[in-house]
Structures are given as C-alpha cells and as structure tokens.
Amino acid sequence: MKLKPVLLIAAGGTGGHMFPAQALAWEFKKLGWSVVLVTDKRGARFSDTFPPEVTKFVQNSSSLRFRDPLRIPKAIYLICSSIFQAFYVFMRLKPRVAIGFGGYPSFAAILIAKVLNVKSILHEQNAVLGRVNRIFSRRVDAVACSFWPTKAPPGTIMRFTGNPIRNTLINKNIPSFYLPSKGPLNLVIIGGSQGARIFSKIVPEAVELLPKTLTNRFKIFQQARLEDRNELEKKYKEMGVSSTVEDFFQNIEKIFSSAHLIIARAGASTIAEVLFFGKPLLLIPIPFSLGDHQKLNAQRISDLGAAICLEENTLTGLQLAKKISAILENQSLAHNLAKAASKNARPQAIQSLRDLVLDVSEGHLVAK
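The sequence shown begins at 2 in this note's numbering and counts up by one.
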C-alpha cells in the first residue's frame, strides 16, 4: 500500500496565523495528503476548525524576545524543548514538505526542516516579514506573500499567493454591496482574534455623537473582550441602539455578508476576509505592532482605495463619528470602497498557495 505524502503545517499564536493554515489543511486533505499541525497552546484554540483527520502536536513554545532577564532560562528551555519535539515529529512522520505560517512553532519546525533537508516554505500574511520569517526567508525553498511587493532580504525566493481565508467563508454566495437609503444599517466592529479594548470605548462615543436619524437604523455587531461585554451592551441599550456583542462570532460569514460598514484592526486575515465580502472598511491599526505591520497593511489597502485608515493614537470619538457618517450617508464613497475591496480580493489565494506547495514538493524551480 502506497503511503500518503505528508504535509507539516506549523502555526501558532493568533487567528491571523491559524486561519490560512486551516485553509491549506483542508485543501491538502482533498488532495489525499496526510496533514500534521504543529502549534502552541494559543494556536490550539483555533485547531477545532481543521480537518478531524489532522494529526496535532501542541508545543510549550516561548517568545524569541528576551525582555525579562529572569525569564531567559525558562525561555531557552522551552525553545530547546520545542526543537526536540519538532525533531521527533519529523523523524516519526517524515513530511515531504513543511510550511510555516508564523508564530513561534514555525521556528522549531522550519529549523528542523533545514537540518533534515526537508523541503520548506514560509507564508507571510502581512506587508512586512515577521521575525521568524525574516530569520529563515533566504534559507527556505520559497516565501509566499499576501501583499505585493513584500520587502524581503536579497536572495529570497518570493511568490505572490495572497492570504487564504477560512474555508467556511470561501464557498458563500456574496451579494453585491448595496447601501439602502432607508431601513437597517449593519455596522460591524471586529477587533481581531485578540479583541480590541479601544473599540469598546471609542465606538460607543462615536455612535452617541451621530444623529438619531442614523443611529435609529443601526444594528451593531461588535466583537469585544469578554470582560467588556456587559458594559458595552449597557451603553448601546441606553442609547436605544440595537446591538449584538460577542467575544467571538461563530457566524462571521453571515455578519460580513450583511454588513454596510466594517470597522476593524488591520490584521492580515481580517483584511483578506473583508475584501472577499466587498464591504466598505474603516481600519484602525494597532499602534506599535511588531514591525509596524498593521500600519503597513492598512496603508497598502488604503492606497488601493479599498479602505479608510485612521490612527489610534490621535483618534477621537468625534473623528470616528465623522468618518462613519461620511461613508453611510454618501452612496458614492460607500460603493467606491466596496468596489475597490472586491477588485483587490484574492479568493484564489488558497489555490495559488496549494500550487506553490506542490511545485516545491516536486522539486520544480520557483522563479525569483
């Protein structure tokens, strides 16, 4: 009996790393491959959406940043432990290809792939390479990027694939964007997989400053941290605004599909999904994110005319209220944003990434 080829996927930390990894796992399951997931405890929260046949290994990983001298011994121990765990997985399952999506589990997996001469790929979701991807970018067989161009060290073999979105979203029938002059207006606020406390403060401030003729039509769907949920619901109730507040939306495809405006962080997966649904987008990137990647993501999308970018450090409730009003009371602006979003979506990203993995696994040369 011929053994199935094995794809090892390494990803951890946030949904931004795990969602495209999940999409690739389903794609290779359809091709008849065996799929192995190496992740950490944070990433494991998202692993239930992977195919049930996927073999999962959860590591006790550690940051590569040694900020606290007292924690250095423990960090070194955890890094060494994750490397030995990765070595065990490689020796036991003998993957044909390893792909890292970022997060600290990628470090150990790609390191062992290089030691054992296993074909390896990196996928970068953001407009700038993350720490682990920078370390290995010139040493792997290829780097798949979600934004073009993405700055990388000389000698890096790059291919523009786009950022795959969750497979639960990709087969949905997306209605064309329409901004009604009467009736409900669905305002969606997404803080990313880690939530966004600032949104729980500034969005209600902005809503309170908007005219009642507008807010009486609002149906707000807001992601918030669990500890902020009750207070946020109370604020909207006092304003007489319809709201649904959750720490995580299980039916996000339905919410995105019916949205008239989305306010979000500038995480790569959030951007890819909103572009796919073709909706007007207000981006508020996390200030001082690693490599300032969220600001760079937002700038790229803003330059394409698919979003309006706001700086958190200087943002007030009044400024946000003006932007919300400018979009929802201006048919031309709203439709132009939605049109640019649809134009720049890459629903074929998963096929592009799949083909790259197959090219590398078969030893095909990848053009620089």
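C-beta: ideal position from N, C-alpha, C; glycine also.
Tell me whether Leu25, by its Cβ, gets closer than 7 Å to a heavy atom of the ligand HEM. Inclusion of the ligand HEM in the displayed structure is not the case, the ligand content being empty and no account of it being possible.
- Task: To the nearest angstrom, report how far apart Ser258 and Lys120 are at their CA atoms.
- Result: As a first step, residue 258 must be located in the sequence shown, where it is residue number 257. As a first step, residue 120 must be located in the sequence shown, where it is residue number 119. Cα to Cα, Ser258 sits roughly 39 Å from Lys120.
**Prompt:** If you draw a straight line from the alpha carbon of Ser362 to that of Thr317, how long is it in whole angstroms?
**Reply:** Numbered from its first residue, the sequence shown carries residue 362 at position 361. Numbered from its first residue, the sequence shown carries residue 317 at position 316. Roughly 51 Å between the two C-alpha positions.
- From the DSSP output, in three-state form, read off His18 for me. Here residue 18 refers to the residue found at position 17 when the sequence shown is read from its first residue. Correct three-state label for His18: helix.
### Query
Does the Cβ-Cβ distance between Leu186 and Phe222 come in under 8 Å?
Here residue 186 refers to the residue found at position 185 when the sequence shown is read from its first residue. Here residue 222 refers to the residue found at position 221 when the sequence shown is read from its first residue. No; because the gap between Cβ atoms is not below 8 Å, this pair is not in contact.
For Leu372 and Phe88, I'd like the C-alpha separation in whole angstroms. Since the first and last residues shown for the chain are 2 and 369, residue 372 lies out of range.
DSSP-derived helix/strand/coil call for Ala322
Along the sequence shown, one-based indexing puts residue 322 at 321. If DSSP states are grouped into helix, strand and coil, Ala322 belongs with the helices.
- Item | Rounded Cβ spacing between Pro154 and Ser138 (contact assumed at less than 8 Å) | Within the sequence shown, residue 154 is the residue found at index 153, counting from 1. Within the sequence shown, residue 138 is the residue found at index 137, counting from 1. The Cβ separation is near 6 Å, so the contact holds.
**Request:** Assuming Phe58 contacts Ala26 (C-beta within less than 8 Å), just tell me the rounded distance between them.
**Result:** Position 57 of the sequence shown holds residue 58. Position 25 of the sequence shown holds residue 26. Wrong, their Cβ atoms sit about 14 Å apart, outside the cutoff.
Please report the distance separating the alpha-carbon of Met240 from that of Leu170.
Here residue 240 refers to the residue found at position 239 when the sequence shown is read from its first residue. Here residue 170 refers to the residue found at position 169 when the sequence shown is read from its first residue. Between Met240 and Leu170, the C-alpha separation is close to 33 Å.
**Asked** Nearest-angstrom Cα distance between Leu117 and Val36?
**Response** Taking the sequence shown and counting its residues from 1, one reaches residue 117 at position 116. Taking the sequence shown and counting its residues from 1, one reaches residue 36 at position 35. Distance between the alpha carbons of Leu117 and Val36: 19 Å.
Terminal residues of the alpha helix (DSSP H) in which Phe161 lies = If you number the sequence shown from 1, residue 161 lands on position 160. Counting along the chain, Phe161 falls outside any alpha helix (DSSP H), though it belongs to the beta strand (DSSP E) covering 159-161.
Q.
Measuring alpha carbon to alpha carbon, tell me which residue in Ser343, Pro53, Glu125, Lys323 is nearest Leu215.
A. In the sequence shown, counting from the first residue as 1, residue 215 sits at position 214. Among Ser343, Pro53, Glu125, Lys323, the Cα nearest to that of Leu215 belongs to Lys323.
Practice item. Mind the definition here: the segment 294-314 touches the segment 263-277 only if three or more C-beta pairs lie below 8 Å; say whether that holds. Key: yes
Original post:
When you compare only the Cα positions, how much space is there between Gln352 and Phe249?
Top reply: Here the question's residue 352 lines up with position 351 in the sequence shown. Here the question's residue 249 lines up with position 248 in the sequence shown. So the alpha carbons of these two residues sit roughly 28 Å apart.
**Where the beta strand (DSSP E) containing Lys120 begins and where it ends** = Translated into positions along the sequence shown, residue 120 becomes position 119. 120-125 is the span of the beta strand (DSSP E), which, as asked, contains Lys120.
- For Ala327, count neighbouring C-beta atoms within 10 Å of its own C-beta (all shown protein chains included) and say buried if the count is 16 or more, exposed if not. Here residue 327 corresponds to residue number 326 of the sequence shown, with the count starting at 1. When all chains shown are included, Ala327 counts as exposed.
Q. To which residues of the same chain is Ala260 closer than 6 Å at the C-beta, ignoring the five residues directly before and after it?
A. Counted from its first residue, the sequence shown places residue 260 at position 259. Only Asn187, Val189, Lys280 meet the Cβ criterion.
Taking C-beta to C-beta, are Val129 and Leu8 nearer than 8 Å? To locate residue 129, count along the sequence shown from 1; it is residue 128. To locate residue 8, count along the sequence shown from 1; it is residue 7. Their beta carbons are not under 8 Å apart, which means Val129 does not touch Leu8 by this criterion.
Look up Leu354 in the DSSP assignment and say whether it is helix, strand or coil. Sequence index remark: in the sequence shown, residue 354 carries index 353 (1-based). Helix.
Three-state class that DSSP yields for Ile248 in the structure shown
Counting from one through the sequence shown, the residue named residue 248 turns up at place 247. What sits at residue 248 in the sequence shown is Asp, not Ile. Residue state, collapsed to three classes: coil.
Check: Near Pro176, what residues of its chain come up, given a Cβ to Cβ distance below 8 Å and the 5 sequence neighbours on each side ignored?
Finding: For the purposes of this step, residue 176 is taken as residue 175 along the sequence shown, with counting starting at 1. Ser258.
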